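Here the sequence shown is numbered in the numbering used here, starting from 3 and rising by one per residue. C-beta atoms are modelled at their ideal positions from N, C-alpha and C, and glycine is treated no differently. Here the structure is a predicted model, which means the values were calculated and not measured. Right, one structure below, let's go through it.
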Amino acid sequence: MFKQTATNLTTLPRQSIDAWIDSFDTVLSDCDGVQWIGRELVAGSLEVTKRLQELGKKVFFVTNMPVKTRAELQAAGVDRGYEVEQEEILSASYVTAKYLHDLKFDKKVYLIGSRGISQEFDHFGISWIDSDCSEKVDVLDAVSNGIKLDSEVGAVVVSFDTNINYSKILLAANYIKDPECLFIGTSFDEAYPTNNGAIVPGTGPNISAIEVASGRKATIIGKPNPNMCKSLLAGGKINPERTLMIGDSVKYDILFGFNCGFQTLLVGTGVNKLEEVRKWQKSNIEDDKKLIPDTYLPALGDLLPFLQ
Ligand SMILES: [Mg+2]
């Protein structure tokens, strides 16, 4: 309808907005920066989401945040007032565990991450070793005598970890010296949205450290990789043309929508604002064009008057 034009919906007449609402039956919504920021709900987002469900739209929540299991995310959503089933949540930790399961991966994972992902591995019966249990590596000893590695490890998975340290980076980099050892990142988010301008580093910096040390690039499973909604696309559960992706980050949400052939809506309550998009519209770089959303709203809650 408005392919990659970043049309500001608040400037359109009611009729055009009604036609836009009629143009999708499935909604995929990012969480942080769209529905809530940290512990606080974004004003109006819950009401809009519920109203879309009442109008018969199927809503899924797609998050790169890997610290909670799907079960915990569902409980947290219900707690906040959302009507959400576990099957309606696509999280980077769940999808990463499922990715290894689908590969019939039967070795051990060296995991840099938190309980949110290790429990998803348990759910799929994937063995893992916890980087937090590793002994601290003696650097001079490593230089003289090399590194002792677990020969059963066949993948390094890097996720959100507030206890990342030198020993973990060193061990991960040494595991992936073996080209047969998989190197996976749950997502590459640089930082998470905040209400106060503070920089809260995400999973990306953890992955970068190991990429720099090893010279290898991680396979990123989370957004913008369409793998995040493979189960919906492959099962024919959704029609991409009649699916709307809502997000606050162009690099992860809008590009994800582009890669999946969805319509896209950027909201200005998180990482990116409309002024930045206007700059990319003037760019001659082809990849910049993929970051331009079809539509824009300052906040998801701005849609509420049009859904009554
Ligand atoms: Mg976000």
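- Annotation for residue 134: 165 place their beta carbon closer than 7 Å to its own, counting only its chain and skipping 5 residues before and after.
- Straight through space, the alpha carbons of residue 114 and residue 108 are spaced by roughly 18 Å.
- Between the beta-carbon of residue 26 and that of residue 245 there is about 6 Å, and that keeps the pair under the 8 Å contact cut.
- The continuous beta strand (DSSP E) containing residue 298 extends over residues 297–299.
- Between residue 173 and residue 156, the C-beta gap is not smaller than 8 Å, which leaves the two residues out of contact.
- Using a cutoff of 7 Å, the CB of residue 300 does not count as near ligand 1, since none of the ligand's heavy atoms is closer than that.
- In this structure, the CA atom of residue 304 is about 8 Å from the CA atom of residue 12.
- Shown here, residue 247 sits in a strand according to DSSP, grouped into three states.
- About 7 Å separates the beta carbons of residue 268 and residue 279, which is inside the 8 Å limit, making them a contact pair.
- The residue from 301, 291 and 276 with its alpha-carbon nearest to that of residue 9 is 276.
- By the 16-neighbour rule on beta-carbons within 10 angstroms, residue 295 is buried.
- Counting only residues of its own chain and dropping the five nearest sequence neighbours on each side, residue 119 has a CB closer than 6 Å to the CB of 68, 95 and 161.
- Taking 7 Å as the cut-off, the C-beta of residue 202 does not count as close to any heavy atom of ligand 1.
- In terms of side-chain proximity, the C-beta atom of residue 64 is found no nearer than 7 Å to any non-hydrogen atom of ligand 1.
- In the structure shown, residue 157 adopts extended strand secondary structure according to DSSP, grouped into three states.
- Annotation for residue 158: 112, 174, 177, 178 and 185 place their beta carbon closer than 6 Å to its own, counting only its chain and skipping 5 residues before and after.
- Look at residue 265 here: in three-state DSSP terms it is strand.
- Around the Cβ of residue 181, a 10 Å sphere holds fewer than 16 other Cβ atoms; the residue is exposed.
- The region 41–72 is shown to contain whole alpha helix (DSSP H) runs of 4 or more residues at 47–56, in chain order.
- Distance between residue 168 and residue 101, taken at the CA atoms: about 28 Å.
- Per DSSP, the unbroken alpha helix (DSSP H) holding residue 98 starts and ends at 94–104.
- Contact check for residue 171 and residue 190: beta-carbon distance about 16 Å, past the 8 Å limit, so the pair fails to qualify.
- When only Cα atoms are considered, residue 187 and residue 220 end up about 6 Å apart.
- For residue 144, same chain residues with a beta-carbon under 8 Å away, outside a window of 5 residues either side, are 172 in chain order.
- Contact between residue 163 and residue 116 holds, since their C-beta atoms are separated by about 6 Å, short of 8 Å.
- The residues 99, 100, 102 and 103, in chain order, have a CB closer than 8 Å to that of residue 126 in the same chain once the five nearest residues on each side in sequence are set aside.
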